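Only one structure is covered here, and it is reproduced in the block below.
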Amino acid sequence: MSTTTADVIVVGSGAAGATAALRARADGNDVIVLEAGPQVGGTTRRSSGGFWAPNNSLMRARGIEDPRDYALKYMARLSYPELYDPEHPTLGVPQADYDMLAVTYDRTTEAVDFLKDNGHIAIIEMQGFTGEAGDFPPYYEQPDLDKAPYGRHLGAAYDEAGVAAAAGEALRGQGAQPTVGNQGDGRELSRQFEASMAREGIDVRVNHRVDGILKDDGEVTGVTATTPGGQETFNARKGVIFASGGFSMSEALSDDLLMGPIYGTGAAPECRGDFIQLTKDFDVELAHTEHAWWCEVPLELGLESRIQDWLVFIPWGDSMITVNREGHRVVNEKALYNDRGPAHFIGGKEEGYPNRILMMVFDEGVLQNPLDWVTRWPIPMPDGSSPSVSIPGVKETDLVISGDTLEEFAANVEARLATLADKTDGFDLAPGFVEGLKAEIERFNGFAASGVDEDFQRGSVRIQTEMYGPPRPGNDKNPTMFPFRDSGPYHCILLGAGTLETKGGPRIDPHARVVRKDGTPIPRLYGAGNCIANPTAGAYWSGGATLGTAMATGFIAGEQASAQEPVA
Ligand SMILES: Cc1cc2nc3c(=O)[nH]c(=O)nc-3n(C[C@H](O)[C@H](O)[C@H](O)COP(=O)(O)OP(=O)(O)OC[C@H]3O[C@@H](n4cnc5c(N)ncnc54)[C@H](O)[C@@H]3O)c2cc1C
32 MSTTTADVIV
42 VGSGAAGATA
52 ALRARADGND
62 VIVLEAGPQV
72 GGTTRRSSGG
82 FWAPNNSLMR
92 ARGIEDPRDY
102 ALKYMARLSY
112 PELYDPEHPT
122 LGVPQADYDM
132 LAVTYDRTTE
142 AVDFLKDNGH
152 IAIIEMQGFT
162 GEAGDFPPYY
172 EQPDLDKAPY
182 GRHLGAAYDE
192 AGVAAAAGEA
202 LRGQGAQPTV
212 GNQGDGRELS
222 RQFEASMARE
232 GIDVRVNHRV
242 DGILKDDGEV
252 TGVTATTPGG
262 QETFNARKGV
272 IFASGGFSMS
282 EALSDDLLMG
292 PIYGTGAAPE
302 CRGDFIQLTK
312 DFDVELAHTE
322 HAWWCEVPLE
332 LGLESRIQDW
342 LVFIPWGDSM
352 ITVNREGHRV
362 VNEKALYNDR
372 GPAHFIGGKE
382 EGYPNRILMM
392 VFDEGVLQNP
402 LDWVTRWPIP
412 MPDGSSPSVS
422 IPGVKETDLV
432 ISGDTLEEFA
442 ANVEARLATL
452 ADKTDGFDLA
462 PGFVEGLKAE
472 IERFNGFAAS
482 GVDEDFQRGS
492 VRIQTEMYGP
502 PRPGNDKNPT
512 MFPFRDSGPY
522 HCILLGAGTL
532 ETKGGPRIDP
542 HARVVRKDGT
552 PIPRLYGAGN
562 CIANPTAGAY
572 WSGGATLGTA
582 MATGFIAGEQ
592 ASAQEPVA
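To convert, count from 1 in the sequence shown and add 31; that's this note's numbering.
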């Protein structure tokens, strides 16, 4: 078995690992990055590439203030709604979790400046749906606590090399062509990370899957990895940083740990929760493993393949409601993806997850709407073709179940569900489905006519209306709602819960040190990104919160590992 030694070994080359490697390298350390996949980037490469950074230098330069006490309250209330207490010294949040909120606020901006000022990533303000930089709307409108709703959202700008590398491929999830100076997606972010690591002389080895952590007298000294050349050992003089992503691609861990069943994920195939497995005997405390960065997936695609190339970020359509097997709405259909995933778990294990499959029901007016909007997928275009943002090879018309009357529609849904029953634990419609759906459509039509959704407040905040897209002509009320037609045909697409990726794992402290159950750090072992207990817990503070926290924790891990005295 060959042995290689470096100052710092980083496991994983997504945003967390790349930031950690660059930060450690900035102090002159030898750094090796071991990446299980065939290319750099992991789930980061598959993402839209935006990142959330409170109190960042770009917003400050624009004169936007982001006061710490308000920001921490905003983060705490979203992450720990049941514990939140504004009068409490740690806002009602356990000290260890509060410390992670505080360090995220305090240090994300340093991570961003490090990447920007050293020319590693060309950072710009995220574009909103209006196309204007800095205009990306917040996911939650909470003006009492959120003093900086516009300004925390950042992205990586394309340069000429990036546009050339894209080779005419449209931006992920946006359909637009890359242009110099405009915001790039996860591929561009990863390309810039990869180029920066190469420029800085970081030794990045793909197809190297770490499969063991080496310890000596309680201290972590290195890792073993399965490589194209066989089993190899990598010793670390200063420290090992795990940034190996979440566990969505492990069915066993997902079934065991997540709060409910998922039918698909956007995560990279190599994200199988190796860090959780490898630290089983390390007396670590796992936290936030029930949570994920939630989303929805078209059920039938998820049943074919766990890995999904794109996800349902917001179900499109105005004359559209999402109903359960009783025909009832259970969620604001235009709520952010992170809030819609858990709607599938209402009822819980005790009731057999009765909402694990929901039906996105829409009328012919939605299907015939010619608007090719970025969030239209998986609804096909009126002529049956794919919208611009779609998954190559997927025939959206196959996902649509239709019927001329609601009775016929229900019978066809029932028939389709029967064909899937062996993979869905026999999921079927409840006996009162048609009556439930009729009543729900009638109630929804009233809301659409008045513009106010009294049950779920659909379309009440800017992000929901802008993600949905422009209103259809004649709708001057609430752009996200329009009354269903009086007659069919009616259609639906079956949806299940999915993840962008999971976000739970061993706890770290504010120095990114992996800690034992008693809170003491395991010497020379660090963690960052989705493989550790993410500071957000169950929340998605706003667009980019996942890459933002990956960069922040990666930056700290790189800095702290670098600061260790090397072992002889
Ligand atoms: C469609 C989609 C869009 C998204 N858009 C956004 C967005 O715009 N903004 C945002 O903030 N987030 C977004 N996300 C989420 C975001 O991509 C992830 O949360 C983030 O990339 C996680 O970064 P990471 O560095 O922790 O993990 P990853 O990027 O997943 O990197 C982990 C790496 O570790 C490697 N690895 C795993 N096990 C091992 C092992 N044993 N040995 C060696 N290597 C290993 C993996 O191959 C992978 O490359 C999106 C996700 C999806 C799916």
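Glycine is no exception: its CB is placed at the ideal position from the N, C-alpha and C atoms.
The structure presented is a predicted model; accordingly, all values stated were derived computationally and were not measured.
(request) Identify whether K246 lies in helix, strand or coil by the three-state DSSP scheme. (result) If DSSP states are grouped into helix, strand and coil, K246 belongs with the strands.
(request) Jot down the residue ranges of each uninterrupted beta strand (DSSP E) in the segment 271 to 336, minimum 3 residues, whole runs only, in chain order. (result) 323 to 329
(request) Identify which residue in G249, L185, I272 and M290 has its Cα closest to the Cα of G529. (result) Check the Cα spacing between G529 and each of G249, L185, I272 and M290: the tightest is with M290.
(message) Here's a check: name, in chain order, each residue in its chain whose Cβ is nearer than 8 Å to the Cβ of S88, leaving out the five neighbours to either side.
(response) T140, V143, D144 and K147
(message) Let me check understanding here. Comparing Cα to Cα, which of I272, R268 and E250 lies closest to V241?
(response) I272
(request) Select from G569, L284 and P292 the residue whose C-alpha is nearest the C-alpha of F306. (result) L284
(request) Say whether the segment 487 to 504 touches the segment 398 to 409, bearing in mind that this needs 3 or more beta-carbon pairs closer than 8 Å, one atom from each stretch. (result) yes
(message) In the DSSP output, which residue or residues are listed as bridge partners for Q158?
(response) Answer by DSSP bridge pairing, in chain order: A164.
(request) Going by CA-CA distance only, name the one from R493, F265 and H151 that's closest to V41. (result) F265
(message) I need the straight-line Cα distance from A195 to A479, nearest angstrom please.
(response) Between A195 and A479, the C-alpha separation is close to 46 Å.
(request) Under 6 Å Cβ to Cβ from L65, same chain only, skipping five residues before and after it: list those, please. (result) V42, R236, H239, V241 and A256
(message) Tell me the rounded alpha-carbon separation between V315 and I553.
(response) 9 Å
(request) Could you have a look at D403 and say whether DSSP puts it in helix, strand or coil? (result) coil
(request) Specify whether the segment 299 to 313 and the segment 386 to 400 touch according to this definition: at least 3 beta carbon pairs, one from each stretch, less than 8 Å apart. (result) no
(message) Using C-beta distances below 6 Å, list every residue in its chain close to A46, excluding the 5 sequence neighbours before and after it, in chain order.
(response) So the qualifying residues of the chain are T75, L578, A581 and M582.
(request) Using 10 angstroms around the beta-carbon of S481, count the other beta-carbons present and answer buried if the total reaches 16, otherwise exposed. (result) exposed
(message) Taking the alpha helix (DSSP H) that T450 belongs to, which residues open and close that run?
(response) That run of the alpha helix (DSSP H) goes L437 to L451.
(message) Just to confirm the assignment: which complete beta strand (DSSP E) runs, minimum length 3, are found wholly within the segment 116 to 199?
(response) 154 to 156 and 184 to 187
(request) Can you have a look at E590 and say buried or exposed, based on whether 16 or more other CB atoms are within 10 angstroms of its CB? (result) buried
(request) Kindly examine ligand 1 and report whether one of its heavy atoms sits closer than 7 Å to the Cβ of V42. (result) yes
(request) Examine the Cβ distances between the segment 537 to 557 and the segment 409 to 417 and report whether three or more of them are shorter than 8 Å. (result) no
(request) Between the Cα of L451 and those of H119, L202 and I388, spot the shortest distance and give me the residue it belongs to. (result) I388
(message) Helix, strand or coil for H359? Go by DSSP, reduced to three states.
(response) Reduced to three states, the DSSP call for H359 is coil.
(message) Please identify the residue among E191, R268, S279 and G575 whose C-alpha is closest to the C-alpha of C562.
(response) S279
(message) I'd like to check one pair, A51 with A274: are the Cβ atoms closer than 8 Å?
(response) yes
(request) Grab the span of the alpha helix (DSSP H) containing V425 for me, first residue to last. (result) No alpha helix (DSSP H) holds V425; DSSP gives it neither H nor E.
(message) Can you find the residues in the same chain that come closer than 6 Å, C-beta to C-beta, to G123, ignoring five residues on each side of it along the sequence?
(response) When the five nearest sequence neighbours on each side are left out, the beta carbons in the same chain lying within less than 6 Å of the beta carbon of G123 are those of L114, Y115 and D116, in order along the chain.
(message) Cutting at 6 Å between CB atoms, please list the residues of its own chain near F160, excluding the five before and the five after it.
(response) E497
(message) Assuming contact is defined by CB atoms lying nearer than 8 Å, are G574 and H322 in contact in what I supplied?
(response) no
(request) Go to F393, then tell me how far its beta strand (DSSP E) extends in each direction, as first and last residue. (result) Segment I388 to D394, the beta strand (DSSP E) holding F393.
(message) Assess contact between the segment 98 to 114 and the segment 166 to 185, defined as three or more Cβ pairs (one per stretch) separated by less than 8 Å. Is contact present?
(response) By the criterion of at least three beta-carbon pairs nearer than 8 Å, the segment 98 to 114 is in contact with the segment 166 to 185.
(request) Tell me whether D38 is buried or exposed, calling it buried when 16 or more other Cβ atoms sit within 10 Å of its Cβ. (result) buried
(message) Using the Cβ count rule (16 or more neighbours within 10 Å means buried), how would you classify P69?
(response) exposed
(request) Provide the residue span of the beta strand (DSSP E) that contains R544, from first to last. (result) R544 to V546
(request) State yes or no: is the C-beta of T75 nearer than 7 Å to some heavy atom of ligand 1? (result) True, at least one ligand heavy atom lies under 7 Å from that Cβ.
(request) Would you grab the beta carbon distance between L556 and V251 for me? Rounded to a whole angstrom, and I think it's under 8 Å. (result) 4 Å
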